[in-house]
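A.B. asks: One structure, as structure tokens, below. Some questions next.
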Amino acid sequence: MEEDKRNQYIDLIKHFLWMPVDLEEIPSTTHDVSSSTPSTDVPSASVPASEPQASTSSATATVKAKKKKAKSGSKKTSSIEDGLPDKKNIETEEEMRKRLREGAKKNRGIMPGTQIVGTMANPYTTWDKTAPMPEDETNDLIRDIREIKLYLFCRLILSQASLLPAALKANNVQEFLDDNTVAESDLRDLCLKVAEPTLQDIRDASADFAQRAKRYVEEKKKKKKKKKSKGSESKSKVTICGKSIWNQASQNAMSRDGWLQFSIMAKDCNLQHAIQLCRNWSEFSDLSLLAMWQYFPASNWDSWGVNTLTQQLQQFSFFPYFADYNARTITRYHQSGSRSAVRRQHDMIEARNIMVGSMKRNDPVTRRFLQYLLMRAGEVLVMVRDGKTGRVITAPPKEHLWTYRKKTGLGRAARNEWESILEMGPEFMKLTDQLRQWRFGFNDFYDVYIWDLKPGHDEARIFNKVSEDLRNAWRMKHTREMYNHMEPLLRSLHRDDDTGHTRQIKPGEHVESIWDAVMDERSIFKMVDVAGPHIIVHDNDDVEESLYMFYNEANEAEDAVLFPDESTRKNFAFRGISNGAADFETLFLPSQARYLTKDTILGIDPQHDALRDQQMHTIWCLPNLWVTDSAQARKEKLDGKPRALLKKTSLVREPKKMNFEIRMETLETQETWERDKSASYKQSLHAGDLEPGCNAKYDLLQKTLQAILQTTHSGPTDWVLYITSILDWLDIRGDYKPDEYTMDGLAPWPHSFIVQDLVEAFVMMAMFLPGLEVTRFVTEFVNSSQCEEFRNSGVFDIEERNKVRPDRRTGTGYMFREKEFWNEWNGFYNDDEEDDFWPERYPVEWSLIVRPILAHFYKAGVITPVNVESHPELVRGIAIAQTEPHRPGKLDLSINYEEQHARVNKIDPFFSAPSQWPEIIPHAKPFAGSHPTARFALLRTWSSPHYYPFMCDGTDRYSTTFLDSRNRSWAWRFVPKDMTAIKYSPHETIKRRLGYLKHQFGSRVINRGDLILVMGEDEDDLFKYCITVTLAIQTKPWMWETDLWKSFINVDMDFIERMEEHWLKEY
1 MEEDKRNQYI DLIKHFLWMP VDLEEIPSTT HDVSSSTPST DVPSASVPAS
51 EPQASTSSAT ATVKAKKKKA KSGSKKTSSI EDGLPDKKNI ETEEEMRKRL
101 REGAKKNRGI MPGTQIVGTM ANPYTTWDKT APMPEDETND LIRDIREIKL
151 YLFCRLILSQ ASLLPAALKA NNVQEFLDDN TVAESDLRDL CLKVAEPTLQ
201 DIRDASADFA QRAKRYVEEK KKKKKKKKSK GSESKSKVTI CGKSIWNQAS
251 QNAMSRDGWL QFSIMAKDCN LQHAIQLCRN WSEFSDLSLL AMWQYFPASN
301 WDSWGVNTLT QQLQQFSFFP YFADYNARTI TRYHQSGSRS AVRRQHDMIE
351 ARNIMVGSMK RNDPVTRRFL QYLLMRAGEV LVMVRDGKTG RVITAPPKEH
401 LWTYRKKTGL GRAARNEWES ILEMGPEFMK LTDQLRQWRF GFNDFYDVYI
451 WDLKPGHDEA RIFNKVSEDL RNAWRMKHTR EMYNHMEPLL RSLHRDDDTG
501 HTRQIKPGEH VESIWDAVMD ERSIFKMVDV AGPHIIVHDN DDVEESLYMF
551 YNEANEAEDA VLFPDESTRK NFAFRGISNG AADFETLFLP SQARYLTKDT
601 ILGIDPQHDA LRDQQMHTIW CLPNLWVTDS AQARKEKLDG KPRALLKKTS
651 LVREPKKMNF EIRMETLETQ ETWERDKSAS YKQSLHAGDL EPGCNAKYDL
701 LQKTLQAILQ TTHSGPTDWV LYITSILDWL DIRGDYKPDE YTMDGLAPWP
751 HSFIVQDLVE AFVMMAMFLP GLEVTRFVTE FVNSSQCEEF RNSGVFDIEE
801 RNKVRPDRRT GTGYMFREKE FWNEWNGFYN DDEEDDFWPE RYPVEWSLIV
851 RPILAHFYKA GVITPVNVES HPELVRGIAI AQTEPHRPGK LDLSINYEEQ
901 HARVNKIDPF FSAPSQWPEI IPHAKPFAGS HPTARFALLR TWSSPHYYPF
951 MCDGTDRYST TFLDSRNRSW AWRFVPKDMT AIKYSPHETI KRRLGYLKHQ
1001 FGSRVINRGD LILVMGEDED DLFKYCITVT LAIQTKPWMW ETDLWKSFIN
1051 VDMDFIERME EHWLKEY
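For reference, each letter of the sequence shown is one residue, going 1 to 1067 in the UniProt record's numbering.
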């Protein structure tokens, strides 16, 4: 009985290995038992199972087998009764051969959704059945699979320690099976594993076989250069039953042939199971594409694509694993009752469509795609989780995380709050992880969660937007280019026209590849879109007529701004857009974050140290120029009025040293917030300035200013007393404590940085009044070789600057534009003969201007995507491109705020109409007539051609929203010059600020828009007023600056009268 069971185990193992069982009927050939030839257990030639060749086992093994056969006699015990697997469930060689030769019926029941048949990837011939394989290829595969079965058997033995002594001693499988030292229980356990090997076991055996030749080469190299690491398990080869295998499974990607053999052996598995065995993204991606092109003769592997729409996303390397498109059927708004006897009741449910999938990590296509999605904040929401770290990289605001919510109760619905039932977060991630049908065995991916902004949409919108952005991320310019990223793979494959069988092209073989067939001019390309329950197929004519269906010049211009590093960068890890404004709107203030991390980062990150040192000098600390000279002034014997001034302004005592750390520990939170905000926002303000040469000029000015402010001065200290006299004139002190900081957002002081701001204003104005004794040290510094570039920049050549008009658009808002300015836009937008949605026919020449400019603003932080539905009735403006008379032929960005203009009821009655603003020349001329030595300054506050440095927060930001040429919703962080009545803003803001010093200024200082006229009886008088005006403009909230390149300082009346007209108007 025991012998019978043992024979049953052996018979089942031989059945799996396709070894002959009845050796009496098989001619035997002798073979040296010491032989280590790999193929000692199975026939080397591929022949039908009904005509097996003799095994090359030894004569001794044959005799033992005869004795065992005799003992068993005619009495047979059912393996099923003994709990052993049924042989019928193990495919024989002939059954496999027939399956490959004739093809197998596909399981279409597991493939729901729309299927498009008759395409290159999904031909009619293989719709319901795998393609039949030619005889020669079948024979080759059968031969290889025999070998793989032996590798699999050896690997199963390797996993069972009790079998190793016998297996290491045996030269082949037959010797191992004939070894009586192998316990029957161990043989039974091995039998169970052989009958039902895991997919991982099959994968490892296939990899062993596919890489056997390569490994011999690697082994020789490793002997020459062996890596030693403590505690690491060594990798070595071991010979089991005559087969040489590694003691550890291969961690490398498996070859295409290996996966082909795997798919044949594991015939009942599907691709979802195989994916988990892939070692990296490249292996997984190739496997997916090969399955799509019918390379594997596996009946279940077609289910990977599920349907044509999912397959289209997979083709673009976005692999969905969870989707809920029921938003339209779930969403409802039920209300009943009124003011009658029945009370109002409401029952409302809102749901959003959801799509969750995976994309390759650190990939340029993924980075572009995710960035495009983030820029569609008015249509879709996106959250990204890093598969390697598990961290969420980007997510929308908390109020938009919900995907399913409800509101029920009595009374008006508006009075009740929504209850979120399901929202994006850790719990939702766990839910989708539980529901997904496939997983990765590596972490080189991002999980991408995409859901609609507007509830109740059908699935068409989210699918079409994702598809469009994927095409653009791959930079596909035509339907033919949808296959470009597959070219290397398709060039290596050939498909039989009659049978539909796809195989690999052999080296040196000259046959038509699938790539050749796809690119053949006779091939017809069509693109699929979803429209509700319908599928829309676009042919070549549709594609040619469409302006934006594929990647075009406007996309290219936008990408050049968003991704300028693609030609040089190696790591494409996705990160959200980083800039001063965006960083400030995070949880921590930038300076506070640097302060908290000072001990852990200082000295480790050079960029962090450099930024910290720079901001310590420019933002938080007193200029070294003032520290050294004020200390010297206190040491001098001052008496009378000078000492009284120092005492009155609280500068008679040396101030405490205020470094970065002390500032962080002592300042009021609000003051730190304001100071930090200004520093961060100024980065964005100037980064977004598109006037040619302006950024270079600004950087040069800041470099020169800091060089002067941080110098150690050892000359006369009369300028220190001059600063003190201005403080006295303004009736302010120089030593305000943090607790004296004013919370009044409009007030310029008190605050802790008065002296710092005043010294900077002094230096800025001193550069333009070199004839004064008090400015001598500044003049000497500017005339030194250190400032040669600044001297030659043209900032001091007022005559030449007056002749050249800045190359920038005007700052005219919608209300003040001539109606003719909008004629072209109105003709386009209101064209009743056009049926297409306006973004689909938006002029490409406009888009070429609008999109790169907006991309530049987005990257700088001037604008931001906004979660407002992208509809003209909800968003206040639409971006266009237009020229102006003074810049003929130069299209520039303008925003049509007609919708906003219609909402404006009236202008604040306290605002002065532009017609009432003071004129420069009429106001200056009488002063010049009564003061023969009068000098003037025209100071202009800085602004970009497209926006003012005034912040937009909260509801103010919503009023600036607009749509771009692709119907994407944006909002400004700073006030755009196109807003309907924005012309009033700079005039009233500056007028109000100057009003704080009305007592000191009198009629000497007036403004027209962003232009300030300063009048002095002489140079010395002008200098005092210019310093004070500059201080008033540039101090708290530290957002506004004087633009020296558009200012004219220390000029006479004759020059003003000769100035070009545009210089005397607001910009």
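Don't be surprised by glycine CBs; every beta carbon is placed ideally from N, CA and C.
#1: Would you mind giving the Cβ-Cβ distance between M476 and F550, rounded to the nearest angstrom? I have them listed as a contact below 8 Å.
#2: State the start and end residues of the unbroken alpha helix (DSSP H) segment that holds I1056.
#3: Is it buried or exposed, K977, if we count other Cβ atoms within 10 angstroms and call 16 or more buried?
#4: What is the DSSP secondary structure of K68, counted as helix, strand or coil?
#5: Contact defined as beta carbons within less than 8 Å: I believe N808 pairs with P945. What is the distance between those atoms, to the nearest angstrom?
#6: Please confirm if the region 771-789 is in contact with the region 844-864, defined as three or more CB-CB distances below 8 Å between the two stretches.
#7: Kindly identify the DSSP beta-bridge partner or partners of T864.
#8: If you compare alpha carbons, which of K398, K98, M1039 and V1051 is closest to C1026?
#9: Would you decide whether T366 is buried or exposed? Buried here means 16 or more other CB atoms lie within 10 Å of its CB.
#10: Please return the same chain residues whose Cβ sits closer than 7 Å to the Cβ of N967, not counting the five positions on each side in sequence.
#11: Measuring only the C-alpha atoms, how far is L1031 from V755?
#12: Verify whether the separation of the beta carbon atoms of A195 and P85 is less than 7 Å.
#13: Evaluate the contact criterion for the region 841-852 versus the region 355-372: three or more CB pairs, one atom per stretch, below 8 Å.
#14: To which residues of the same chain is I514 closer than 6 Å at the C-beta, ignoring the five residues directly before and after it?
#15: In angstroms, rounded to a whole number, what distance separates the CA positions of K925 and K803?
#16: Is it true that the region 823-837 meets the region 913-932, where meeting means three or more beta-carbon pairs spaced less than 8 Å apart?
#17: How big is the Cα-Cα spacing for G794 and W1038?
#18: Mapping the DSSP letters down to three states, classify F1048 as helix, strand or coil.
#19: Between the C-alpha atoms of D739 and T628, what's the straight-line distance to the nearest angstrom?
#20: With a 10 Å radius around its C-beta and 16 neighbouring C-beta atoms as the bar for buried, classify M743 as buried or exposed.
#21: Between F525 and Y449, what straight-line distance do the alpha-carbon atoms span, to the nearest angstrom?
#22: When you compare the region 290-299 with the region 316-323, are there three or more beta-carbon pairs, one atom per stretch, that lie closer than 8 Å?
#23: Which stretch, first to last residue, makes up the alpha helix (DSSP H) that contains Q261?
#24: When you compare only the Cα positions, how much space is there between S285 and D433?
#25: Taking 7 Å as the limit between beta carbons, can you name the residues of its chain near A166, skipping five residues before and five after?
#26: Determine the DSSP secondary structure at S894, reduced to helix, strand or coil.
#27: Using the Cβ count rule (16 or more neighbours within 10 Å means buried), how would you classify W970?
#28: Alpha carbon to alpha carbon, how far is S39 from Y151?
#29: Return the bridge partner residues of S244 from the DSSP annotation.
#30: Whole-angstrom Cβ separation of T126 and R101, contact assumed at under 8 Å?
#31: If I'm right that Y446 touches V384 with Cβ under 8 Å, what's the distance once you round it to whole angstroms?
#32: Thinking C-beta only, is L199 closer than 7 Å to C269?
#33: Can you give me the Cβ contacts of E668 inside the same chain, cut-off strictly under 8 Å, excluding the 5 residues immediately before and after it?
#34: State the Cα-Cα distance for the pair L12 and P197, rounded to the nearest angstrom.
#35: Answer with buried or exposed for Q261, where buried requires no fewer than 16 other C-beta atoms within 10 angstroms of its C-beta.
#36: Below 8 Å, how does it come out for the region 932-939 and the region 1003-1021: are there three or more Cβ pairs, yes or no?
C.D. replies: Reading from the atomic positions:
#1: Walking along the sequence shown from the start, residue 476 turns up at place 476. Walking along the sequence shown from the start, residue 550 turns up at place 550. M476 to F550, Cβ: 6 Å. Contact.
#2: Walking along the sequence shown from the start, residue 1056 turns up at place 1056. It spans M1053 to R1058 - the alpha helix (DSSP H) in which I1056 sits, taken as one unbroken run.
#3: Here the question's residue 977 lines up with position 977 in the sequence shown. The residue in question, K977, is buried, as its Cβ has 16 or more Cβ neighbours within 10 Å.
#4: As a working note, residue 68 is residue 68 in the sequence shown. At K68, the pLDDT of 43 sits below 50, so the modelled position is not reliable and the matter cannot be decided from this model.
#5: By one-based count along the sequence shown, residue 808 stands at place 808. By one-based count along the sequence shown, residue 945 stands at place 945. As written in the sequence, residue 808 is Arg, which differs from the Asn given in the question. Going by Cβ atoms, the distance from R808 to P945 rounds to 4 Å, so yes, they are a contact pair.
#6: no
#7: Indexing the sequence shown from 1 puts residue 864 at position 864. DSSP, once it has assigned bridges, lists A971 as partnering T864.
#8: Here residue 1026 corresponds to residue number 1026 of the sequence shown, with the count starting at 1. Of K398, K98, M1039 and V1051, the residue nearest in Cα terms is V1051.
#9: Counted from its first residue, the sequence shown places residue 366 at position 366. Result: buried.
#10: Counted from its first residue, the sequence shown places residue 967 at position 967. Around N967: P839 and S870.
#11: By 1-based counting over the sequence shown, the position of residue 1031 is 1031. By 1-based counting over the sequence shown, the position of residue 755 is 755. Their backbone Cα atoms lie some 10 Å apart in a straight line.
#12: What you label residue 195 is simply residue 195 of the sequence shown in a count that begins at 1. What you label residue 85 is simply residue 85 of the sequence shown in a count that begins at 1. Contact flag set, yes.
#13: no
#14: Against the sequence shown, residue 514 aligns to sequence position 514. Once the five neighbours on either side are set aside, the close Cβ partners of I514 are L490, L493 and R495.
#15: One-based indexing of the sequence shown puts residue 925 at position 925. One-based indexing of the sequence shown puts residue 803 at position 803. Roughly 22 Å separates the two Cα atoms.
#16: no
#17: Along the sequence shown, one-based indexing puts residue 794 at 794. Along the sequence shown, one-based indexing puts residue 1038 at 1038. Rounded to the nearest angstrom, the two C-alpha atoms are 26 Å apart.
#18: Residue mapping note: residue 1048 aligns to position 1048 of the sequence shown, counting from 1. Three-state result, F1048: strand.
#19: Here residue 739 refers to the residue found at position 739 when the sequence shown is read from its first residue. Here residue 628 refers to the residue found at position 628 when the sequence shown is read from its first residue. About 27 Å.
#20: Counting from 1 along the sequence shown, the entry for residue 743 is found at position 743. Under this definition M743 is an exposed residue.
#21: Taking the sequence shown and counting its residues from 1, the one referred to as residue 525 is at position 525. Taking the sequence shown and counting its residues from 1, the one referred to as residue 449 is at position 449. Those two C-alpha atoms are separated by around 31 Å.
#22: no
#23: As a working mapping, residue 261 is identified with position 261 in the sequence shown. Looking at the DSSP string, the run of the alpha helix (DSSP H) that includes Q261 is R256 to M265.
#24: The residue given as residue 285 occupies position 285 in the sequence shown. The residue given as residue 433 occupies position 433 in the sequence shown. One C-alpha to the other measures close to 20 Å.
#25: For the purposes of this step, residue 166 is taken as residue 166 along the sequence shown, with counting starting at 1. Counting only Cβ-Cβ distances below 7 Å, and skipping sequence neighbours, we find F176, D179, T181 and V182.
#26: For this step, residue 894 is matched to residue 894 along the sequence shown. Here S894 sits in strand by DSSP.
#27: Numbered from its first residue, the sequence shown carries residue 970 at position 970. Label assigned to W970: buried.
#28: What you label residue 39 is simply residue 39 of the sequence shown in a count that begins at 1. What you label residue 151 is simply residue 151 of the sequence shown in a count that begins at 1. Low local confidence applies: a pLDDT of 37 at S39 is under 50, so the model's placement there is unreliable, and no value is given.
#29: Taking the sequence shown and counting its residues from 1, one reaches residue 244 at position 244. Paired residues: T239.
#30: On the sequence shown, position 126 is the one that residue 126 refers to. On the sequence shown, position 101 is the one that residue 101 refers to. T126 to R101, Cβ: 15 Å. No contact.
#31: By 1-based counting over the sequence shown, the position of residue 446 is 446. By 1-based counting over the sequence shown, the position of residue 384 is 384. Contact flag correct, Cβ pair sits at about 5 Å.
#32: Within the sequence shown, the letter at position 269 stands for residue 269. Within the sequence shown, the letter at position 199 stands for residue 199. Yes, Cβ-Cβ distance for C269 and L199 is below 7 Å.
#33: Looking up residue 668 in the sequence shown gives position 668. Counting only Cβ-Cβ distances below 8 Å, and skipping sequence neighbours, we find P738, D739 and Y741.
#34: For this step, residue 12 is matched to residue 12 along the sequence shown. For this step, residue 197 is matched to residue 197 along the sequence shown. One C-alpha to the other measures close to 13 Å.
#35: Position 261 of the sequence shown, counted from the first residue, corresponds to residue 261. Per the 10 Å Cβ criterion, buried.
#36: yes
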